[in-house]
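Residue numbers (my numbering), protein chains in the order written: chain A, 11 to 250; chain B, 22 to 255; chain C, 62 to 525.
Notes follow once the structure below has been shown.
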Amino acid sequence: MRVSLFIPCLVDQFYPQVGLSTLRLFRKLGLEVVYPSDQTCCGQPAFNSGYHEEARKLAVRFLRIFSDAEYIVTPSGSCASMVRVFYQDLSIPADLQQSLDRVKEIIFELAEFLVDILKVTDVGAAFSARVTYHDSCHLLRELKVKDPPRALIRNVKGIDFIEMPESSTCCGFGGAFSIKFPEISTAMLEEKVRSIQRSGAEYVVASDAGCLMHIAGLLLRSRIPIKTLHLAELLAVNLR
Amino acid sequence: MAAEARANILNRVRRNLAVGVFRAGTKPASFEMQRTADRPNLQKPPIEVFEEELTLVGGTFQRVSSQEQLCDALRKVCDRGGYQNIAVSQEPLIEELQVAENLQRFLTGARVSKLNSLDPMDELRSADAGVTACEFLIAETGTIVLRSSPLVPRSLSLLPHAHIVIATEEQLFPTLVSCVPKLQHRLVQSPASSCTTLVTGPSRTADIEKVLVRGVHGPRELHVFVLVKSEEPR
Amino acid sequence: MRITSKAFKSRAREKVLDLSARQRYRGATQHSVEARNRVVQDVLNWEELRETARILKAQSIEQLADLLQQLEEHASANGIHVHWAETDQEACNHVIEIARRQHASLIVKSKSMVSEEIFLSHALEKEGIETVETDLGEFIVQLAGELPFHITTPAIHKSREDIGKLFANKLGVPYTSEPTELTKIAREVLREKFLKAQIGISGGNFAIAETGQIVIVENEGNARLTITLPRIHIAILGIEKVIPRLEDLSTFLAILARSATGQRITSYVSLIRGPKQQGEIDGPDEVHLILLDNGRSDILADRKMREVLYCIRCGACLNVCPVYQVVGGHTYGSVYPGPIGSAFTPLMASLEEAKDLPYASSLCGRCAEICPVKIDVHHLLLWLRRKAVEERLSNLFERLIVQLWCMIMKNLQLYRIASKFARVLQAFLPKRDSVLPVPIWSKSRDFPRLAPKTFRELWREVED
Chain A
11 MRVSLFIPCL VDQFYPQVGL STLRLFRKLG LEVVYPSDQT CCGQPAFNSG
61 YHEEARKLAV RFLRIFSDAE YIVTPSGSCA SMVRVFYQDL SIPADLQQSL
111 DRVKEIIFEL AEFLVDILKV TDVGAAFSAR VTYHDSCHLL RELKVKDPPR
161 ALIRNVKGID FIEMPESSTC CGFGGAFSIK FPEISTAMLE EKVRSIQRSG
211 AEYVVASDAG CLMHIAGLLL RSRIPIKTLH LAELLAVNLR
Chain B
22 MAAEARANIL NRVRRNLAVG VFRAGTKPAS FEMQRTADRP NLQKPPIEVF
72 EEELTLVGGT FQRVSSQEQL CDALRKVCDR GGYQNIAVSQ EPLIEELQVA
122 ENLQRFLTGA RVSKLNSLDP MDELRSADAG VTACEFLIAE TGTIVLRSSP
172 LVPRSLSLLP HAHIVIATEE QLFPTLVSCV PKLQHRLVQS PASSCTTLVT
222 GPSRTADIEK VLVRGVHGPR ELHVFVLVKS EEPR
Chain C
62 MRITSKAFKS RAREKVLDLS ARQRYRGATQ HSVEARNRVV QDVLNWEELR
112 ETARILKAQS IEQLADLLQQ LEEHASANGI HVHWAETDQE ACNHVIEIAR
162 RQHASLIVKS KSMVSEEIFL SHALEKEGIE TVETDLGEFI VQLAGELPFH
212 ITTPAIHKSR EDIGKLFANK LGVPYTSEPT ELTKIAREVL REKFLKAQIG
262 ISGGNFAIAE TGQIVIVENE GNARLTITLP RIHIAILGIE KVIPRLEDLS
312 TFLAILARSA TGQRITSYVS LIRGPKQQGE IDGPDEVHLI LLDNGRSDIL
362 ADRKMREVLY CIRCGACLNV CPVYQVVGGH TYGSVYPGPI GSAFTPLMAS
412 LEEAKDLPYA SSLCGRCAEI CPVKIDVHHL LLWLRRKAVE ERLSNLFERL
462 IVQLWCMIMK NLQLYRIASK FARVLQAFLP KRDSVLPVPI WSKSRDFPRL
512 APKTFRELWR EVED
């Protein structure tokens with residue numbers, strides 16, 4: 011099975027270790043991994059701010075780069091949902107329509123790929139800590155992925171998994187929303203951090219770098235000793 | 022000018038809808054709403070379901086099997102409520118059961134009126150309890166369906182502090198959906214009625230800090246008596 | 062529609078700082094959501110019910126002209142006077158005409174968002190007619206001179222002490238903060254008004270085309286009084302409220318109360334057929350139905366935005382919205398706040414006046430998830446953002462940034478150069494706790510430093 015890796019721009023620039031973890035994971039599972047190195051961005055930031063033209067150009071570019079993939083996997087719920095759910099609103103040119111229809115069927119976020127496609131819930135990971143999980147909005151409500159990440163976390167050897175109250179409440183990131191309405195965004199983040207603290211966890215795990223970046227932003231600023239961890243990192247850190 | 026607004030609105034609606042349909046026509050217009058499978062209690066006899074639901078929304082329920090039992094129970098409720106001024110409708114069931122007469126006989130000190138004076142509205146305004154029959158009862162929600170008519174004004178179940186309803190078991194329907202045909206039938210019956218009201222429990226509000234308070238504008242007490250076993254009232 | 066949504070950002074900034082108010086909104090909205098969840102859990106096929114409700118609404122909108130004509134025909138046959146109003150002004154004029162004919166000096170009103178949309182009380186005040194809101198929450202905000210805070214609980218932002226003081230001040234009653242006592246006071250004051258008023262004005266939740274009936278749902282009983290005691294009853298409904306058949310009502314009643322207040326059904330549902338019939342003791346002598354357009358028919362031209370008209374005003378999307386929970390209802394500056402309000406307001410007023418509203422959302426999608434008629438509220442907001450850009454409402458600076466960003470993302474060489482350039486810049490900034498000080502974000506949160514090497518560079522190393 012050949013997997014084409016799609017790395018979100020936030021991961022490329024700020025959290026490359028998430029990409030490396032994903033790579034390690036797939037290598038361990040015996041998959042052939044390709045990284046089309048022309049890739050840059052799926053276009054979501056432009057789309058979410060209403061810039062359809064710009065988003066469309068990036069979508070077209072994305073489709074051209076990934077058109078011959080067997081599977082496309084990305085450690086990001088929001089990128090996967092951009093392609094699967096929103097590309098069809100972008101007036102993709104007719105000659106790429108077939109490519110779009112295909113790509114929609116083969117693009118997955120990491121957790122849903124492992125559990126729903128590879129049928130793997132135990133990747134052989136190990137990590138002794140108390141962790142909680144934050145449901146990213148796009149992953150949960152656009153892609154409807156709720157149980158796969160939890161199943162994967164539960165099977166990590168040594169893990170103590172505890173649900174936080176309001177795990178599915180938005181962390182307040184919302185892309186440009188976090189700088190367009192910083193006070194509202196921060197207020198929402200405060201509520202989220204409070205929920206995380208109430209869980210008693212040492213780590214908060216999520217499948218989206220945007221959420222983790224936002225949550226870490228307040229944990230660090232407030233000097234709260236809880237750490238953020240991407241699902242890919244959790245699964246790959248001590249692969250047996 | 023009035024005709025203009027009407028024509029403009031309808032034309033604009035038609036013109037704008039013509040740009041294309043939006044996801045509307047995937048199912049036939051006569052799609053049947055699947056009855057909500059609300060809790061296991063629908064397996065129980067409707068009268069039990071009605072009692073449960075009515076009690077949950079803050080009404081009281083009593084089953085009676087004879088006219089004597091009914092009058093006894095009514096008296097007790099009126100006594101307990103301390104009602105001084107009871108208005109009673111002239112609906113057939115209420116007349117048959119001689120409700121007003123019985124109450125007047127046994128509740129010394131209370132005034133019982135059949136709203137047949139020159140100024141029935143005045144009596145309605147000063148009543149602290151109103152007694153009516155009803156069109157039918159809906160078990161799944163504990164609802165009473167009232168239809169305004171010359172015999173039962175809307176204010177009777179609305180102005181006083183307490184509303185008392187007398188019904189028979191035959192009037193019980195299991196669900197709202199099941200009584201829609203009956204509602205439709207009633208609509209074209211004579212005499213015409215100005216308003217049909219579904220009453221489910223006492224008047225209530227939670228507008229102040231979400232604290233539940235009963236008896237805002239409508240009655241704060243609702244008492245329902247159901248005559249069972251189609252025994253002919255004597 | 063008159064709005065003050067331009068001040069959304071500044072108001073939001075203020076509201077966010079009021080921690081005790083935030084706690085109150087959260088408590089209240091959470092309470093509503095829990096009640097709703099409890100009563101929805103009972104329904105085994107809730108999703109089917111939602112889908113049915115959505116289809117019924119969709120069909121109603123797609124057949125709107127025919128249904129409105131049917132409604133008019135049947136309502137008129139039952140003695141209801143049907144009026145059509147293209148604008149808020151026209152609707153107010155209809156009411157004023159009727160009020161003048163009756164020499165009305167006192168009007169009682171039951172809850173009607175549409176009446177606030179058309180600024181009716183303002184118009185009546187100019188006529189010198191006293192108008193009294195009778196819904197307890199609306200009565201309270203009327204006394205306080207404020208806009209309603211929430212669609213179904215207009216005064217939820219006020220504590221019982223606030224209300225106690227308000228009543229003592231404005232009604233001249235002894236101070237009490239006990240909800241039961243306060244409610245009693247309101248009941249007595251308003252009962253007097255009901256008995257004296259010449260006209261009762263209501264809204265309507267549904268209008269049934271097949272039978273010509275107007276349907277009003279409520280818990281307090283003030284709507285029943287409004288439509289029964291005064292000689293004249295005027296009902297004002299948006300044209301989108303019409304539904305085809307009486308049997309459709311059972312679907313909507315099942316979802317409305319559950320979504321709005323966590324009840325199986327509201328205390329009262331009134332199906333108005335017409336004025337007082339021969340022999341009836343009470344009921345209005347005249348019933349008027351005003352069908353209001355005020356921009357709704359224009360919304361129909363945009364196929365995607367049409368579904369905003371499916372809204373049955375349950376308020377559930379407000380209750381679950383994490384933004385609403387933080388800023389509350391007044392921030393939006395519109396009669397219609399919250400998620401659905403953020404979609405509706407720009408369409409009814411103008412995108413220009415309300416352009417912050419579609420952006421004031423993280424697009425989390427909770428609104429769409431809970432909507433009983435399955436409106437994709439957050440997707441509507443995305444659609445409005447697109448329109449804002451197309452109409453060149455976004456500021457020049459933002460447009461330039463986005464275009465620059467797009468240029469970089471389209472070209473791998475540029476992307477690489479920009480990556481390197483950013484790291485060079487970063488090297489000049491003081492290295493402190495691996496944090497990057499950036500504008501706006503860093504005011505309240507830390508921002509991470511760029512990783513020394515991008516994934517692309519690391520991949521190359523791994524491969525070699």
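Don't be surprised by glycine CBs; every beta carbon is placed ideally from N, CA and C.
In this text the structure is predicted, and so the values were computed from the model without any measurement.
For residue i, go through chain C and note every residue whose CB falls closer than 9 Å to its CB, in chain order.
{"i": "A/A242", "result": "Chain C residues near A/A242: none, gap ~12 Å exceeds 9 Å."}
{"i": "A/Y25", "result": "P509, A512, F516"}
{"i": "B/P171", "result": "Q338, Q339, G340, E341, I342"}
{"i": "A/N58", "result": "L424, L443, R446"}
{"i": "B/L139", "result": "What B/L139 touches in chain C: nothing, since even the nearest Cβ is about 12 Å away."}
DSSP puts residue i in a beta bridge; with which residues?
{"i": "A/A136", "result": "A/K167"}
{"i": "C/W145", "result": "C/L352"}
{"i": "A/E42", "result": "A/R12"}
{"i": "B/F127", "result": "Per DSSP, none; premise fails for B/F127."}
{"i": "C/A96", "result": "DSSP lists no partner for C/A96."}
{"i": "B/V85", "result": "B/L248"}
{"i": "B/A150", "result": "B/I107, B/A183"}
{"i": "C/E347", "result": "C/I293"}
{"i": "B/L158", "result": "B/I165, B/L193"}
{"i": "A/K237", "result": "A/Y213"}
{"i": "C/Y329", "result": "B/V220, C/E279"}
{"i": "A/S31", "result": "Note: A/S31 sits in no beta bridge, so no partner."}
{"i": "B/R132", "result": "B/N106"}
Flag residue i as yes if its beta-carbon sits less than 8 Å from any beta-carbon of chain A, otherwise no.
{"i": "C/C425", "result": "yes"}
{"i": "C/Q464", "result": "yes"}
{"i": "C/Y420", "result": "yes"}
Below 7 Å on C-beta distance, what does residue i contact in chain C?
{"i": "B/D149", "result": "None at all; the shortest Cβ gap to chain C is about 13 Å."}
{"i": "A/K67", "result": "C467, K471"}
For chain B, check one thing: does any of its Cβ atoms lie closer than 8 Å to the Cβ of residue i?
{"i": "C/E95", "result": "no"}
{"i": "C/N280", "result": "yes"}
{"i": "C/T272", "result": "yes"}
{"i": "C/S182", "result": "no"}
Using a Cβ cut-off of 8 Å (strictly closer), state whether residue i contacts chain C.
{"i": "B/M54", "result": "Only weak support exists for where B/M54 lies, its pLDDT of 42 falling under 50; the coordinates are left without a value."}
{"i": "A/H144", "result": "no"}
{"i": "B/Q105", "result": "no"}
{"i": "A/Y45", "result": "yes"}
Counting only beta-carbon separations shorter than 8 Å, does residue i have a partner in chain E?
{"i": "A/D48", "result": "Here chain E cannot be found, since the structure's protein chains are A, B and C."}
Taking residue i as the query, report the chain A residues whose CB atoms sit under 7 Å from its CB, ordered along the chain.
{"i": "C/I478", "result": "Result: empty, since nearest Cβ-Cβ is about 13 Å, beyond 7 Å."}
{"i": "C/V388", "result": "I194"}
Which residues in chain C sit within 8 Å of residue i, going by Cβ to Cβ distance?
{"i": "B/R146", "result": "L256"}
Give the interface partners of residue i over in chain A, defined as CB-CB distance under 8 Å, in chain order.
{"i": "C/R364", "result": "What C/R364 touches in chain A: nothing, since even the nearest Cβ is about 13 Å away."}
For residue i, return the contacting residues in chain B, with the cut-off set at a CB-CB distance below 7 Å.
{"i": "C/S240", "result": "It should be noted that the sequence gives Pro, not Ser, for residue 240 of chain C. Result: I229, E230, V232, V234."}
Using Cβ-Cβ distances below 8 Å, what residues of the segment 117-130 of chain B are close to chain C?
none
Would you list, in sequence order, the uninterrupted alpha helix (DSSP H) runs of no fewer than 4 residues that lie entirely inside the segment 189-221 of chain A?
192-209
Alpha helix (DSSP H) runs wholly inside the segment 105-151 of chain A, at least 4 long, in chain order:
107-116
Give, in chain order, every unbroken run of the alpha helix (DSSP H) that is at least 4 residues long and sits entirely within the segment 192-248 of chain B.
197-208
Could you name each continuous beta strand (DSSP E) segment of 3 residues or more that falls completely within the segment 165-192 of chain B, going from the start of the chain to the end?
183-189
Interface residues of the segment 31-46 of chain B facing chain C [CB-CB below 7 Å]
L31, R33, V34, R35, N37, L38, V40, G41, V42, F43, R44, A45
Along the segment 126-154 of chain A, where does the CB come closer than 9 Å to a CB of chain C? Name the residues.
C147, H148, L150, R151, E152
Please give me, in chain order, every unbroken run of the beta strand (DSSP E) with length at least 3 that falls completely inside the segment 136-216 of chain C.
141-146, 167-170, 191-194
Taking beta-carbon pairs under 8 Å, can you tell me which members of the segment 209-237 of chain B lie near chain C?
P212, A213, S214, S215, C216, T217, T218, L219, V220, T221, G222, P223, S224, R225, T226, A227, D228, I229, E230, K231, V232, V234, G236, V237
Every unbroken alpha helix (DSSP H) inside the segment 381-419 of chain C [4 residues or more]
383-388, 399-409
Inside the segment 65-110 of chain A only - beta strand (DSSP E) runs reaching at least 3 residues
81-84
Threshold first: 3 residues or longer. Then list the beta strand (DSSP E) segments lying entirely within the segment 225-305 of chain C, N to C.
260-263, 267-269, 274-279, 293-299
Along the segment 155-181 of chain A, where does the CB come closer than 7 Å to a CB of chain C? Name the residues.
T179, C180
Proximal residues, the segment 111-123 of chain C versus chain A, C-beta separation under 7 Å:
none
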